[in-house]
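Student: Sharing a structure below in structure tokens format, with a few things to ask.
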Amino acid sequence: MLDGAMRRLIDPPLDRLGRALAARGVTADAVTLAGLVLGLAAACLIALGWPGIALGPLLASRLADGLDGAVARATRKTDFGGYLDIVSDFLFYGAVPLGFVVLDPAANGAAGAFLLTSFYINGATFLGFAILAERRGMETRARGVKSLYFTGGILEGTETIVFFVALCLWPYWFAPLAWGFGVLCFVTALSRVLLARKVFPPG
1 MLDGAMRRLI DPPLDRLGRA LAARGVTADA VTLAGLVLGL AAACLIALGW
51 PGIALGPLLA SRLADGLDGA VARATRKTDF GGYLDIVSDF LFYGAVPLGF
101 VVLDPAANGA AGAFLLTSFY INGATFLGFA ILAERRGMET RARGVKSLYF
151 TGGILEGTET IVFFVALCLW PYWFAPLAWG FGVLCFVTAL SRVLLARKVF
201 PPG
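The UniProt record's numbering puts the first residue of the sequence shown at 1, with every later residue one more than the last.
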């Protein structure tokens, strides 16, 4: 819901930094992989009982997630770069809740499983819509220049990062926060299915 406004705010400084990195020979794929390593390090820190310390690499990973696109725009966008970016994002989004489940399986196991299930269906509706949009030649830049067609929803990347930050700040609230966020993910997924039925009518 907030990604469009956030992109307009952060894209100009990211593009400047992306051009500077590209001028020094840094590739977009290298930035993507660095962001993934930072994100997985954050998940490991959470699992080890240090969610507060995990905030640093978690936020740095999201900075890298924005920077890889900026570097690509300053050099050359590739299909593989877009593919690597979305795969890395999905791994990161799954690893952080897993970290909280490993931290306290008894307290967080059920809520974590529900949250991951909601991420799974939300991701399926997102990618399914993107595939059909690509087949029909649909384009949008509402959330910046992307390799895939991005559909909106109640919960997008910005809201998810805010949610992860809240989990790191208040880890003992993981279960109620996860149940609530998971419900909103299912609502987002349902809204995308209804949109797909309208845009891609059956028959």
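Beta carbons are placed, not taken as given, at the ideal position from N, Cα and C, and that holds for glycine. Source: prediction; values computed, not measured.
Does DSSP classify Glu156 as helix, strand or coil?
Tutor: The answer is coil: DSSP assigns Glu156 none of H, G, I, E or B.
Student: Please tell me whether Leu63 and Ile53 are closer than 7 Å, where the distance is taken between their beta carbons.
Tutor: No; because the gap between Cβ atoms is not below 7 Å, this pair is not in contact.
Student: Return helix, strand or coil for Val187, following the three-state DSSP convention.
Tutor: Helix.
Student: When DSSP labels each residue in this structure, what does Leu55 get in the three-state scheme?
Tutor: Reduced to three states, the DSSP call for Leu55 is helix.
Student: What would DSSP say about Arg76, mapped onto helix, strand or coil?
Tutor: Coil at Arg76, not helix or strand.
Student: Can you grab the Cα-Cα spacing for the pair Thr27 / Ala70, in whole Å?
Tutor: Straight-line Cα distance between these residues: approximately 10 Å.
Student: CA-CA distance, Ser191 and Arg24?
Tutor: One C-alpha to the other measures close to 43 Å.
Student: Just to confirm my understanding: we take Pro97, look at its own chain, exclude 5 residues before and 5 after, and list those with CB closer than 6 Å. What are they?
Tutor: Around Pro97: Gly112, Leu115, Leu116.
Student: Grab the span of the alpha helix (DSSP H) containing Val26 for me, first residue to last.
Tutor: Unbroken run through Val26: none, as it is neither H nor E.
Student: Rounding to the nearest angstrom, what Cα-Cα distance links Thr125 and Pro13 in this structure?
Tutor: If you take the alpha carbons of Thr125 and Pro13, they lie about 31 Å apart.
Student: If we count the other Cβ atoms within 10 Å of its Cβ and call it buried at 16 or more, is Pro201 buried or exposed?
Tutor: Its Cβ having fewer than 16 others within 10 Å, Pro201 is exposed.
Student: Just mark Val87 as buried or exposed, buried being the case when its beta carbon has 16 or more other beta carbons within 10 Å.
Tutor: Val87 should be labelled exposed.
Student: How would you label Phe80, buried or exposed, when you count the other beta carbons within 10 angstroms and need 16 or more for buried?
Tutor: With fewer than 16 other Cβ atoms within 10 Å, it is exposed.
Student: Rounded to whole angstroms, what's the CA-CA distance from Ala142 to Gly66? Just pull it up for me.
Tutor: The pLDDT assigned to Ala142 is 48, lower than 50, so where the model puts this residue is not dependable; a value taken from the coordinates is nonetheless given after this. Their backbone Cα atoms lie some 15 Å apart in a straight line.
Student: Whose CA, out of Leu36, Leu40, Arg73, lies closest to the CA of Arg19?
Tutor: Cα-wise, what sits closest to Arg19 is Arg73.
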